[in-house]
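Report on the following structure.
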Amino acid sequence: MKKTLFIFFLSTLSIYAAEFIVFSLDGKNIGTVQCVENDCSSALSTYSKAVILVDKKTNVSSWSKGISITSEDTVFISLQDSVSWIELEKNSVVSLCIEDSVDGVWKVSGLASRLQNDACIQIDAGKLVKSANVQYLAKSGIKNTFNILVGMKRIDLSSQSHELGFYGSEFSLKEKVIYMDPKKELENRIYPDSVRISSMDVDLAVDKYKVTNCEIIQTLWDSIPMHSKSQDRVLLEYHNYWIDKKKKTIKNGSCDAHDSAAIKAYLYSALAYANARSIRDGFEPVYSFKKINKKIHLPTLYPDGSFDVYTTSFFEKYENGGDAWIYVQVNKNANGYRLPYYDEWMALAKAGKTGRRYVWGNSESEEVASQYAWFGEGIAISEKYGVYKQESKPVGMKKPNDYGLYDMAGLVCENVMFPGKSIFTREITSCKGGFLYDSLKNLNFGAHKDNFIGGLGGYQGLRLVREIK
-5 MKKTLFIFFL
5 STLSIYAAEF
15 IVFSLDGKNI
25 GTVQCVENDC
35 SSALSTYSKA
45 VILVDKKTNV
55 SSWSKGISIT
65 SEDTVFISLQ
75 DSVSWIELEK
85 NSVVSLCIED
95 SVDGVWKVSG
105 LASRLQNDAC
115 IQIDAGKLVK
125 SANVQYLAKS
135 GIKNTFNILV
145 GMKRIDLSSQ
155 SHELGFYGSE
165 FSLKEKVIYM
175 DPKKELENRI
185 YPDSVRISSM
195 DVDLAVDKYK
205 VTNCEIIQTL
215 WDSIPMHSKS
225 QDRVLLEYHN
235 YWIDKKKKTI
245 KNGSCDAHDS
255 AAIKAYLYSA
265 LAYANARSIR
275 DGFEPVYSFK
285 KINKKIHLPT
295 LYPDGSFDVY
305 TTSFFEKYEN
315 GGDAWIYVQV
325 NKNANGYRLP
335 YYDEWMALAK
345 AGKTGRRYVW
355 GNSESEEVAS
365 QYAWFGEGIA
375 ISEKYGVYKQ
385 ESKPVGMKKP
395 NDYGLYDMAG
405 LVCENVMFPG
415 KSIFTREITS
425 CKGGFLYDSL
435 KNLNFGAHKD
445 NFIGGLGGYQ
455 GLRLVREIK
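-5 is the number of the first residue of the sequence shown in our numbering; add one for each residue after it.
Encoded structure:
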């Protein structure tokens, strides 16, 4: 790595109009709109549900503008390296240079860039977490692919075996007796998620940090209304939480790498965000949504991994009742972003280690734990109607685990999926990782929050993954 100093200068842009493709949240092309100066509100008035806009010409913003000084990395790569992985932070710059070739052709997808010379190109990581790629086609026919992960890490779970499961406080007994011998007592217990060593055939790009408020607002900007029409007091307060945050945010503004974690990203909103991010980055969305009517207000997790979710989102014009349900199908062949599965999350949290109770090891010292997690801030602060008012914390300020993932314990739990059957009772998903107000002992790997319908209730966050096909 060679370090240089790079300076951007402010430039003035004229008023412009752009044509955008309109996508539904499950990736269907449903039309085009003309937007002036990035204002699409009038053009979108004919669409009643959430939509995602992608610039018809390009889905990449222009090279970053404004006066700033940043440290720039220069990466030198040989033509012998056919595929490379480069991990960047948001709002950073990298120069990619081929050591032993000139007169090649650069092809950039999903990032702003500018050519330095025949062998080098400068890449702007952009303002949001994403996956993208850059290719260099040499005259000799050799092709180099640079996979760019912004705010993400590549973690190949197939490269080693993993300890999964946890011996926690949840168990049933084979025999209704209590053994004085600790070994016999343990053998008599049936744990829903027993400890075992397992292999996993999956290679993932994983968010380094929990998804932040800024990431959700910028990605779902066109789907967050200016006002809520909900007549339900709980829903209205939830809607206004995101509407107020949007009003304090600049459209297409930068998202700081250490912005506050999203703590009210309830399940349907989390799935919608995952799809929106997939569409934005040119991937196939994982989830498809269909409105259904359920007379019995109980969720169902189906054997194929599909499930029902109770929507509390402003994305759909439903209120509490039988028509407030969404049937979610999971396309396992899609290459877009998704929530991790339960076992994937456990493997990512344990980071290849065995015999540990916590991300940091087995220490019960709060001084040690506080180096890795936000926790211990007392009971949840709630207002009337059960809407929580506790503030979030910035992501990535504590130490990461051994995979380089931050905040895998504490702050807010992360929604994870089951592949077709819950290991617990009636959960359609689980929420893992603990909370800002938890005690140290509640940050162990076995801790989870019941998420029966995906609706309002406490805090919920997320961290996305994408399978590398």
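Just so it is clear, CB atoms sit at the ideal spot from N, CA and C, and this is done for glycine as well.
Boundaries (first-last residue) of the alpha helix (DSSP H) holding residue i
i: Asp337; result: Tyr336 to Lys344
i: Tyr363; result: For the record, residue 363 in the displayed sequence is Ala; it is not Tyr. Run containing Ala363: Glu360 to Ala363, per the alpha helix (DSSP H) assignment.
i: Cys407; result: Segment: none, Cys407 is in no alpha helix (DSSP H) and carries neither H nor E.
i: Glu157; result: That residue, Glu157, is in no alpha helix (DSSP H); its beta strand (DSSP E) goes His156 to Leu158.
i: Glu278; result: Unbroken run through Glu278: none, as it is neither H nor E.
i: Thr213; result: Asn207 to Thr213
i: Glu470; result: With the chain represented from -5 up to 463, any question about residue 470 goes unanswered, as that position is not in the structure.
Residue-chain proximity (residue i, chain B), Cβ-Cβ < 7 Å
i: Asp197; result: In the displayed structure, chain B is absent; only one protein chain is listed.
Length of the line joining the Cα atoms of residue i and residue j
i: Pro219; j: Ala268; result: 19 Å
i: Asp401; j: Pro388; result: 10 Å
i: Tyr130; j: Leu399; result: 30 Å
i: Val303; j: Gly330; result: 20 Å
i: Thr139; j: Val16; result: 30 Å
i: Ser58; j: Asn327; result: Here Ser58 scores only 44 on pLDDT, less than 50, and its place in the model is too uncertain to base an answer on.
i: Ala264; j: Thr68; result: 35 Å
i: Ile136; j: Lys101; result: 13 Å
i: Val228; j: Val324; result: 29 Å
i: Thr552; j: Ser166; result: In the structure displayed, the chain extends from -5 to 463; residue 552 sits before or after that span and is not available.
i: Gly380; j: Ile80; result: Confidence at Gly380 is low in this model, with a pLDDT of 42, below 50, so the placement of that residue should be treated as unreliable; the coordinate-derived value is given next. Cα-Cα distance, rounded: 44 Å.
i: Gly145; j: Tyr161; result: 33 Å
i: Arg350; j: Asn356; result: 6 Å
i: His233; j: Lys240; result: 11 Å
i: Gln74; j: Asp97; result: 17 Å
i: Arg108; j: Ile149; result: 29 Å
i: Ile117; j: Cys91; result: 11 Å
i: Ala403; j: Ser134; result: 49 Å
i: Ser364; j: Ala345; result: 19 Å
i: His221; j: Ile237; result: 7 Å
i: Gly370; j: Val322; result: 35 Å
i: Ile71; j: Ser89; result: 11 Å
i: Lys463; j: Phe277; result: 12 Å
i: Ile257; j: Ile211; result: 13 Å
i: Gly440; j: Glu164; result: 9 Å
i: Pro293; j: Ser424; result: 13 Å
i: Met174; j: Arg460; result: 47 Å
i: Val362; j: Lys22; result: 48 Å
i: Glu360; j: Lys223; result: 45 Å
i: Asp444; j: Glu421; result: 6 Å
i: Cys208; j: Leu458; result: 15 Å
i: Gly299; j: Pro394; result: 31 Å
i: Val29; j: Thr243; result: Residue identity check: residue 29 is Cys in the sequence provided, not Val. C-alpha separation (whole angstroms): 19 Å.
i: Leu261; j: Phe301; result: 12 Å
i: Asp94; j: Lys347; result: 40 Å
CB contact flag (residue i, residue j, <7 Å)
i: Lys204; j: Gly452; result: no
i: Ile273; j: Trp319; result: no
i: Ala255; j: Val353; result: no
i: Pro297; j: Asp20; result: no
i: Lys426; j: Trp339; result: yes
i: Leu198; j: Ala270; result: no
i: Leu434; j: Gly428; result: no
i: Lys392; j: Tyr431; result: no
i: Leu151; j: Val200; result: no
i: Asp253; j: Thr206; result: yes
i: Lys202; j: Lys147; result: yes
i: Gly104; j: Asp275; result: yes
i: Leu520; j: Ser416; result: Shown here, the chain extends from -5 to 463; a query on residue 520 therefore has no answer.
Residue i - containing beta strand (DSSP E), residue span
i: Ala126; result: Lys124 to Leu131
i: Ala270; result: Taken as a continuous stretch (DSSP letters only), Ala270 belongs to no beta strand (DSSP E), being part of the alpha helix (DSSP H) at Leu261 to Arg274.
i: Gln323; result: Trp319 to Val324
i: Phe369; result: Taken as a continuous stretch (DSSP letters only), Phe369 belongs to no beta strand (DSSP E), as it is neither H nor E.
i: Val353; result: Taken as a continuous stretch (DSSP letters only), Val353 belongs to no beta strand (DSSP E), as it is neither H nor E.
i: Leu469; result: The question about residue 469 has no answer here: the residues shown for the chain are numbered -5 through 463.
i: Glu461; result: Val459 to Glu461
i: Phe439; result: Per DSSP, Phe439 belongs to no beta strand (DSSP E) and is neither H nor E.
Open item on the list: Between the region 147 to 164 and the region 122 to 130, can you find at least three pairs of beta-carbon atoms closer than 8 Å?
Closed with: No: fewer than three Cβ pairs fall under 8 Å.
TODO: Determine, using beta-carbon pairs with one atom in the region 160 to 172 and one in the region 105 to 115, whether at least three such pairs fall under 8 Å.
DONE: With the cut-off at 8 Å, the region 160 to 172 and the region 105 to 115 do not touch.
Open item on the list: Check whether the region 397 to 411 and the region 333 to 340 touch, using three or more Cβ-Cβ pairs below 8 Å as the test.
Closed with: Segments in contact, yes.
Open item on the list: Three Cβ pairs or more, each shorter than 8 Å: is that satisfied between the region 77 to 90 and the region 242 to 252?
Closed with: Judged by pairs of C-beta atoms under 8 Å, the region 77 to 90 touches the region 242 to 252, as three or more such pairs exist.
Open item on the list: Restricting to runs no shorter than 4 residues, where is the alpha helix (DSSP H) found entirely within the region 94 to 120?
Closed with: Fully enclosed alpha helix (DSSP H) runs of 4 or longer: not present.
Task: Length-filtered (4 minimum) alpha helix (DSSP H) runs lying within the region 161 to 205 - done: The qualifying runs are 176 to 181.
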